[in-house]
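J.: Would you mind keeping the following structure in view while I ask a few things?
In our numbering, the protein residues as written are 8 to 374.
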């Protein structure tokens, strides 16, 4: 809750090492208890065999949802390409193998299949109440506890802090945003979301319905509306002449597009919980919600931008621009530079860290 992004990467390294060791340790124990064999991968729980899009798309959706939370902190394009490509491939295969192999071997030893690590650890202690088993479960539980805390910080707490900082930069920092997240998260009753597999999977499935219209608006705005041109100094001022002020700070076109994209498919969420509550067409639309919400959000945003054109450059500086023309000067006009921008000072070195000091409305802040 009080973790800054600059130190989060070190926690991920520690988590990756300790959690992997604890999971492999439990796998080794159940294999040893099963006579040195994993088993025949038969389980006591009901199994549903997935193939094709039913197998691939859920994994891709999870990657698309959580990838930006991590790659936003990369310093270059290369920092988030090959590393994620290799890391995701290895971690996906390793997690799937370790989980299925551990459950398969534990099924032979305990007589029941446990897919939740906490249920598995409790079952082990119920049948093997020895000093070695208790010590092993302590270390295994610590590894999983660390994994849950770090993943929650990186995937939930940190993104909320970053988003709130962007919305209320005068009052909130990333750490303050995380504190607010911890305070208000219980109001969302997350224990009800994970109370059953059905509601939990429905929640995960509906996630993309709310996110894809935002993604579509961002893509349309960059590639089709602004054509890759941004005036960097205007990003840091809130004046009527700024192209990013919109209507009192709100981009109403994007809000309308987001509502349209969500409303187009969100009705299918009810069908996932109660198949008889919606029509067959509604359920099919929800299955394609990832694509349909994206297309609807992008189409509505583009249409609204045609009706009410978006201001690309500051008032008085408008002119036709080629694709990514502003990139040649890193978002500055030819006569502009860091030294010419009011309220923004040069970066300074503080305790080995490069910081930026901003002065807005007479208030100074260093980040």
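Ideal placement from N, C-alpha and C gives every residue a C-beta, glycine not left out.
Who are the near neighbours of residue 139 in its chain, counting only those whose CB is closer than 7 Å to its CB and skipping five residues on each side?
T.: Here residue 139 refers to the residue found at position 132 of the chain shown. Within the same chain, residue 139 has no close Cβ partners at all.
J.: Pop quiz: residue 285 and residue 278 are said to be a contact at Cβ under 8 Å. What is the actual Cβ separation, rounded to whole angstroms?
T.: Translated into positions along the chain shown, residue 285 becomes position 278. Translated into positions along the chain shown, residue 278 becomes position 271. Yes, residue 285 and residue 278 are in contact; Cβ-Cβ is about 4 Å, under 8 Å.
J.: Select from 142, 152, 141 and 115 the residue whose C-alpha is nearest the C-alpha of residue 124.
T.: Along the chain shown, read from residue 1 onward, the residue named residue 124 stands at position 117. Ranking the options by Cα distance to residue 124, first place goes to 152.
J.: Just confirm the distance between the C-beta atoms of residue 44 and residue 38, as a whole number of angstroms; I'd bet it's less than 8 Å.
T.: Sequence index remark: in the chain shown, residue 44 carries index 37 (1-based). Sequence index remark: in the chain shown, residue 38 carries index 31 (1-based). Their Cβ separation, rounded to whole angstroms, is 7 Å, which keeps residue 44 and residue 38 in contact under 8 Å.
J.: In angstroms, rounded to a whole number, what distance separates the CA positions of residue 223 and residue 295?
T.: Position 216 of the chain shown, counted from the start, is the residue given in the question as residue 223. Position 288 of the chain shown, counted from the start, is the residue given in the question as residue 295. Computed Cα separation, rounded: 15 Å.
J.: In the DSSP assignment, find the unbroken alpha helix (DSSP H) run with residue 258 in it and report its ends.
T.: To locate residue 258, count along the chain shown from 1; it is residue 251. Note, residue 258: premise wrong, no alpha helix (DSSP H); not H, not E.
J.: Give me the Cα-Cα distance between residue 31 and residue 214, rounded to the nearest whole angstrom.
T.: Position 24 of the chain shown, counted from the first residue, corresponds to residue 31. Position 207 of the chain shown, counted from the first residue, corresponds to residue 214. Their backbone Cα atoms lie some 31 Å apart in a straight line.
J.: Mind the definition here: the segment 45-65 touches the segment 113-132 only if three or more C-beta pairs lie below 8 Å; say whether that holds.
T.: Yes, the segment 45-65 is in contact with the segment 113-132.
J.: Out of curiosity, what's the CA-to-CA distance linking residue 327 and residue 303?
T.: Counting from one through the chain shown, the residue named residue 327 turns up at place 320. Counting from one through the chain shown, the residue named residue 303 turns up at place 296. Cα to Cα, the separation comes out at about 28 Å.
J.: Closest by CA to residue 58, which one among 66, 52 and 51?
T.: Translated into positions along the chain shown, residue 58 becomes position 51. Looking at the Cα atoms, 66 is the closest of the given residues.
J.: For residue 245, report the span of its alpha helix (DSSP H) as first-last.
T.: If you number the chain shown from 1, residue 245 lands on position 238. It is not in any alpha helix (DSSP H) - residue 245 carries neither H nor E in the DSSP assignment.
J.: CA-CA distance, residue 19 and residue 293?
T.: Translated into positions along the chain shown, residue 19 becomes position 12. Translated into positions along the chain shown, residue 293 becomes position 286. One C-alpha to the other measures close to 35 Å.
J.: What residues in its chain sit with their C-beta under 7 Å from that of residue 5, if we drop five residues either side in the sequence?
T.: Residue 5 falls outside the range modelled here, since the chain spans only 8 to 374, and no answer is possible.
J.: Whole angstroms are fine: how far does the CA of residue 154 sit from the CA of residue 21?
T.: Within the chain shown, residue 21 is the residue found at index 14, counting from 1. Within the chain shown, residue 154 is the residue found at index 147, counting from 1. One C-alpha to the other measures close to 9 Å.
J.: To the nearest angstrom, how far is the alpha carbon of residue 300 from that of residue 289?
T.: By 1-based counting over the chain shown, the position of residue 300 is 293. By 1-based counting over the chain shown, the position of residue 289 is 282. For residue 300 and residue 289, the distance between alpha carbons rounds to 13 Å.
J.: Taking the alpha helix (DSSP H) that residue 189 belongs to, which residues open and close that run?
T.: Stepping through the chain shown from its first residue, residue 189 is reached at position 182. Counting along the chain, the alpha helix (DSSP H) containing residue 189 begins and ends at 181-191.
J.: Whole angstroms are fine: how far does the CA of residue 167 sit from the CA of residue 197?
T.: Taking the first residue of the chain shown as position 1, residue 197 is located at position 190. Taking the first residue of the chain shown as position 1, residue 167 is located at position 160. Between residue 197 and residue 167, the C-alpha separation is close to 16 Å.
J.: With a cut-off of 8 Å on the beta carbons, I'd call residue 316 and residue 238 a contact; round off their distance for me.
T.: Translated into positions along the chain shown, residue 316 becomes position 309. Translated into positions along the chain shown, residue 238 becomes position 231. Rounded, the Cβ-Cβ distance is 16 Å, inconsistent with contact.
J.: When DSSP labels each residue in this structure, what does residue 351 get in the three-state scheme?
T.: In the chain shown, counting from the first residue as 1, residue 351 sits at position 344. At residue 351, the pLDDT of 45 sits below 50, so the modelled position is not reliable and the matter cannot be decided from this model.
J.: Where does residue 326 sit, in a helix, a strand or coil, going by DSSP?
T.: Walking along the chain shown from the start, residue 326 turns up at place 319. Correct three-state label for residue 326: coil.
J.: Which stretch, first to last residue, makes up the alpha helix (DSSP H) that contains residue 166?
T.: Sequence index remark: in the chain shown, residue 166 carries index 159 (1-based). 165-174 is the span of the alpha helix (DSSP H), which, as asked, contains residue 166.
J.: What is the residue span of the alpha helix (DSSP H) that residue 304 lies within?
T.: Residue mapping note: residue 304 aligns to position 297 of the chain shown, counting from 1. Here the alpha helix (DSSP H) through residue 304 covers 296-314.
J.: DSSP on residue 159, reduced to helix/strand/coil?
T.: For the purposes of this step, residue 159 is identified with residue 152 of the chain shown, where counting begins at 1. Of the three classes helix, strand and coil, the one that applies to residue 159 here is helix, per DSSP.
J.: Express the C-alpha separation of residue 191 and residue 171 in angstroms, rounding to a whole number.
T.: Counting from one through the chain shown, the residue named residue 171 turns up at place 164. Counting from one through the chain shown, the residue named residue 191 turns up at place 184. If you take the alpha carbons of residue 171 and residue 191, they lie about 13 Å apart.
J.: For residue 97, which of helix, strand or coil comes out of DSSP?
T.: Counted from its first residue, the chain shown places residue 97 at position 90. Reduced to three states, the DSSP call for residue 97 is helix.
J.: Output the distance between the C-alpha atoms of residue 184 and residue 249, rounded to the nearest integer angstrom.
T.: Mapped onto the chain shown, residue 184 falls at position 177. Mapped onto the chain shown, residue 249 falls at position 242. Spanning the two alpha carbons is a distance of roughly 26 Å.
J.: Measure the alpha-carbon distance for residue 86 versus residue 119 and round it to whole angstroms.
T.: Taking the first residue of the chain shown as position 1, residue 86 is located at position 79. Taking the first residue of the chain shown as position 1, residue 119 is located at position 112. Distance between the alpha carbons of residue 86 and residue 119 is about 43 Å.
J.: Mind reading off the beta-carbon distance from residue 450 to residue 261? Whole number of angstroms is fine, and I expect it under 8 Å.
T.: Outside the displayed span of the chain (8 to 374) sits residue 450, for which this structure offers no information.
J.: Short of 8 Å in beta carbon distance, which residues of its chain neighbour residue 251, apart from the five on each side in sequence? Order them along the chain.
T.: As a working mapping, residue 251 is identified with position 244 in the chain shown. Answer for residue 251: 241 and 242, listed in chain order.
J.: Which residues in the same chain have their Cβ closer than 7 Å to the Cβ of residue 216, if we skip the five residues on either side of it in sequence?
T.: The residue labelled residue 216 in the question sits at position 209 within the chain shown. Excluding residues within five positions, the ones whose Cβ falls inside 7 Å are 269, 272, 273, 296 and 300.
J.: Figure out for me which residue from 187, 312 and 51 has the closest Cα to the Cα of residue 111.
T.: Residue mapping note: residue 111 aligns to position 104 of the chain shown, counting from 1. Selected option, being the one with the closest Cα: 51.
J.: Could you spell out the range, first to last residue, of the alpha helix (DSSP H) harbouring residue 23?
T.: Position 16 of the chain shown holds residue 23. Where residue 23 is concerned, the enclosing alpha helix (DSSP H) stretches over 12-40.
J.: Could you give the first and the last residue of the continuous alpha helix (DSSP H) run that contains residue 281?
T.: Taking the first residue of the chain shown as position 1, residue 281 is located at position 274. That residue, residue 281, is in no alpha helix (DSSP H); it is neither H nor E in DSSP.
J.: How about residue 193 and residue 265: are their beta carbons less than 8 Å apart?
T.: Working through the chain shown from its first residue, we reach residue 193 at position 186. Working through the chain shown from its first residue, we reach residue 265 at position 258. No, the Cβ-Cβ distance between residue 193 and residue 265 is not below 8 Å.
J.: Thinking just about the alpha-carbon of each residue, which of 244, 175 and 312 is nearest to the one in residue 263?
T.: By 1-based counting over the chain shown, the position of residue 263 is 256. The option with the nearest alpha carbon to residue 263 is 312.
J.: Is it right to say residue 26 is buried, meaning 16 or more other beta carbons lie within 10 angstroms of its own, or is it exposed?
T.: By 1-based counting over the chain shown, the position of residue 26 is 19. Under this definition residue 26 is a buried residue.
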